[in-house]
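What follows is a single structure, written as structure tokens, with notes after it.
Protein chains: 2
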Amino acid sequence: MTECLTTLDGIQFNEAEEKELASFAKALGHPARVRLLKILAGRVCLGSDLVDQLGLAQSTVSEHLRILREAGLVDAKVTHPRTCFSLRPEALERIRQLLGDLYSL
Amino acid sequence: MTECLTTLDGIQFNEAEEKELASFAKALGHPARVRLLKILAGRVCLGSDLVDQLGLAQSTVSEHLRILREAGLVDAKVTHPRTCFSLRPEALERIRQLLGDLYSL
DNA sequence: ATCGTCCATCGTCAATTGACGATCAATAGG
DNA sequence: CCTATTGATCGTCAATTGACGATGGACGAT
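Chains as they are written, first to last, in the numbering used here: chain Z, 1 to 105; chain Y, 1001 to 1105.
Shown next as structure tokens:
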């Protein structure tokens, strides 16, 4: 245990927030998912012309959307036979907040 | 190609920025790395008492640090036999900017 | 020159991820 | 009831990740 410039004694970790941020980040950690968010940021809702936009197989896009939904970044409203996907801006705001907590404390 | 609430015609993608954000996010996408950043946010520099803090094997911590360094989130200055790790706040600022571009455009 | 310390790297293993085609479920419309 | 459409899910495969112990390299100090 060598020395640091300042003590390490007083650090308290917020494991919940660490996991929360990591989980958001993981969901964001793929270019296709970033692109999906970008598309959904502009327009309110989408069917799956998202598939056309991404040039990936339908099942692949569906999987990316599932990840984004599970992370809370995207919302899906089913109005059969279509599903409307939308961005959840609160989630992005939350990420910014968590990032802020990270290095301005 | 079904209908969207607004057109999809005019979207132009910035693939470089998408990859940049995804790459940052990927590096952030693990609780141990978030914790490392949290530690490095508070103090200027560290040896590897980081290992003690994380409770992971030295090689594992070293690997997490490598990922953070390669992503540009962390800086390492070698002053043998120690290495000083520090946060690169510009990187976090850049992430916030990329996030902002995502949903306020 | 040797030793100890610190950190990176290697090899390995299990687990997860990303992509795909194929299939399934639910509904609207004929 | 049948069909077409949309999107979720399944199974599979290769590739990547996360973790570890072991090893190696670079100093500083003895």
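By construction, the Cβ of each residue, glycine as well, lies at the ideal position given by its N, Cα and C atoms.
The structure displayed is predicted, hence computed values, not measured ones.
Does the separation of the CB atoms of residue i and residue j fall below 8 Å?
| i | j | result |
| --- | --- | --- |
| Z:Leu73 | Z:Ala27 | yes |
| Z:Thr92 | Y:Leu1102 | Per the sequence presented here, residue 92 of chain Z reads as Leu, with Thr not at that position. Contact flag set, yes. |
| Y:Gly1029 | Z:Gly29 | yes |
| Z:Arg35 | Y:Phe1013 | yes |
| Y:Val1061 | Y:Leu1054 | yes |
| Z:Gly42 | Y:Ile1011 | yes |
Going by DSSP in three states, residue i sits in which element: helix, strand or coil?
| i | result |
| --- | --- |
| Y:Arg1082 | strand |
| Z:Ile49 | The amino acid occupying residue 49 of chain Z in the given sequence is Asp; Ile does not appear at that position. Coil. |
| Y:Ala1016 | helix |
| Z:Ala71 | coil |
| Y:Leu1056 | coil |
Cβ closer than 7 Å: which chain Z residues qualify as neighbours of residue i?
| i | result |
| --- | --- |
| Y:His1030 | Ala22 |
| Y:Leu1087 | Tyr103 |
Closest Cβ-Cβ distance between residue i and chain Y: below 8 Å?
| i | result |
| --- | --- |
| Z:Glu18 | yes |
| Z:Ala57 | no |
| Z:Arg96 | yes |
| Z:Lys26 | yes |
If the cut is a Cβ gap below 8 Å, which residues of chain Y does residue i touch?
| i | result |
| --- | --- |
| Z:Ile11 | Lys1038, Ile1039, Gly1042 and Gln1053 |
| Z:Leu92 | Leu1099, Leu1102 and Tyr1103 |
Less than 8 Å between CB atoms is the rule here; does residue i satisfy it with respect to chain Z?
| i | result |
| --- | --- |
| Y:Ile1067 | no |
| Y:Val1034 | yes |
Under the DSSP definition of a beta bridge, which residues are partnered with residue i?
| i | result |
| --- | --- |
| Y:Leu1087 | Y:Val1074 |
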